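From first to last, the protein sequence lines stand for chains W and R.
So the first sequence is residues 190 to 301, counted in the working numbering.
So the second sequence is residues 83 to 196, counted in the working numbering.
The beta-carbon is built from N, C-alpha and C at its ideal position, and this holds for glycine as well.
These numbers come from a predicted model, not from an experiment.
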Amino acid sequence: SQTIHQWPATLVQPVGSPLSLECTVEGTSNPNLYWYRQAAGRGLQLLFYSVGIGQISSEVPQNLSASRPQDRQFILSSKKLLLSDSGFYLCAWSTGNFDTQYFGPGTRLTVL
Amino acid sequence: AQKVTQAQTEISVVEKEDVTLDCVYETRDTTYYLFWYKQPPSGELVFLIRRNSFDEQNEISGRYSWNFQKSTSSFNFTITASQVVDSAVYFCAVYGGSQGNLIFGKGTKLSVKP
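And the structure:
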């Protein structure tokens with residue numbers, strides 16, 4: 190069966206510091222991978238998605254970036270965090286476009 | 083562009099009551115997919131159901147049932163005999179666009195009190 194992992198689970202970072210969040214999927218090959226952010230107020234916003242290694246599409250311009258160095262690894266990064274980057278970050282995977290997305294446990298980021 | 087409206091921001095019921103969560107969607111696509119997810123206090127989104135636009139049959143899974151009506155662009159979710167463990171935020175979503183980006187509603191927070 191497939192499993193999706195995210196770490197860290199929680200993170201408190203000062204403004205201006207770098208960020209690296211990691212997501213890995215087990216039990217499947219060549220998945221689509223997604224990063225979402227859920228700010229206070231509950232709405233989910235798609236940040237990035239990837240259909241293959243090195244292929245990243247950005248949905249919202251911001252100071253975040255994503256990379257997919259391996260088939261089942263998806264990384265969300267920032268060089269300098271802003272207060273507005275605080276939120277709950279969720280990684281998800283699917284077998285392809287329009288297929289069900291399955292979500293990881295999330296990372297709660299607080300920028301102070 | 084696709085859009086999902088969950089007009090009920092918060093609902094509070096007493097255990098064993100039935101509750102219906104409303105979802106209205108907008109899409110120009112003739113083929114589309116609808117979803118419901120549950121987000122318990124732990125935060126992880128749990129997949130509940132997927133429905134394609136060609137299948138208008140209602141579905142029942144235990145205490146959960148879904149009513150898909152294309153004529154009114156609605157995909158409502160009913161929990162029968164609610165339990166405290168049903169307390170969560172529930173999201174409705176539609177797949178839209180050529181890349182299959184999942185568009186979420188803002189969610190309905192359900193509180194089930196004992």
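query, result
"Could you work out which residues of chain R lie near GLN290 (chain W), taking near to mean beta carbons separated by less than 7 angstroms?", "LEU184"
"Could you check which residue in W:GLN191, W:PHE292, W:PRO197 has the C-alpha nearest to that of LEU298 (chain W)?", "W:PRO197"
"Using the beta-carbon of each residue, which ones in chain W are nearer than 8 angstroms to TYR115 (chain R)?", "PHE287"
"Return no unless some Cβ of chain W is closer than 8 angstroms to the Cβ of SER108 (chain R).", "Per the sequence shown, residue 108 (chain R) should be read as Glu rather than Ser. Not an interface residue."
"Between R:LYS195, R:PHE186, R:ARG110, which lies nearest to LYS120 (chain R) when the distance is taken from Cα to Cα?", "R:PHE186"
"What's the gap between the Cα of GLN90 (chain R) and the Cα of SER169 (chain R)?", "15 angstroms"
"Is LEU272 (chain W) helix, strand or coil by DSSP?", "helix"
"Can you check whether the C-beta of GLU211 (chain W) is within less than 8 angstroms of a C-beta belonging to chain R?", "no"
"At the level of alpha carbons, what is the spacing between PRO207 (chain W) and SER190 (chain W)?", "34 angstroms"
"Please state whether the Cβ-Cβ distance between ARG261 (chain W) and PRO220 (chain W) is less than 8 angstroms.", "yes"
"SER218 (chain W): buried (16+ other C-beta within 10 angstroms of its C-beta) or exposed?", "exposed"
"Let's see if you can read the secondary structure: which residues bound the beta strand (DSSP E) around GLN259 (chain W)?", "253-259"
"Can you tell me whether ASN183 (chain R) is buried or exposed, with buried defined as 16 or more other CB within 10 angstroms of its CB?", "buried"
"Does the Cβ-Cβ distance between CYS212 (chain W) and LEU200 (chain W) come in under 8 angstroms?", "no"
"Taking 8 angstroms as the CB-CB limit, is TYR146 (chain R) close to chain W?", "no"
"Put LYS166 (chain R) into one of helix, strand or coil per three-state DSSP.", "The question names Lys, but residue 166 (chain R) in the sequence shown is Val. Of the three classes helix, strand and coil, the one that applies to VAL166 (chain R) here is helix, per DSSP."
"For ASP274 (chain W), does the count of other Cβ atoms within 10 angstroms reach 16, so buried, or fall short, so exposed?", "buried"
"Residues of chain R with CB under 8 angstroms from LEU235 (chain W), in chain order?", "ASN183, LEU184"
"What is the residue span of the beta strand (DSSP E) that SER206 (chain W) lies within?", "Note, SER206 (chain W): premise wrong, no beta strand (DSSP E); not H, not E."
"Please classify LEU301 (chain W) as buried or exposed, where buried requires at least 16 other C-beta atoms within 10 Å of its C-beta.", "exposed"
"By the criterion of Cβ-Cβ separation under 8 angstroms, what are the contact partners of GLU248 (chain W) in chain R?", "ASN183"
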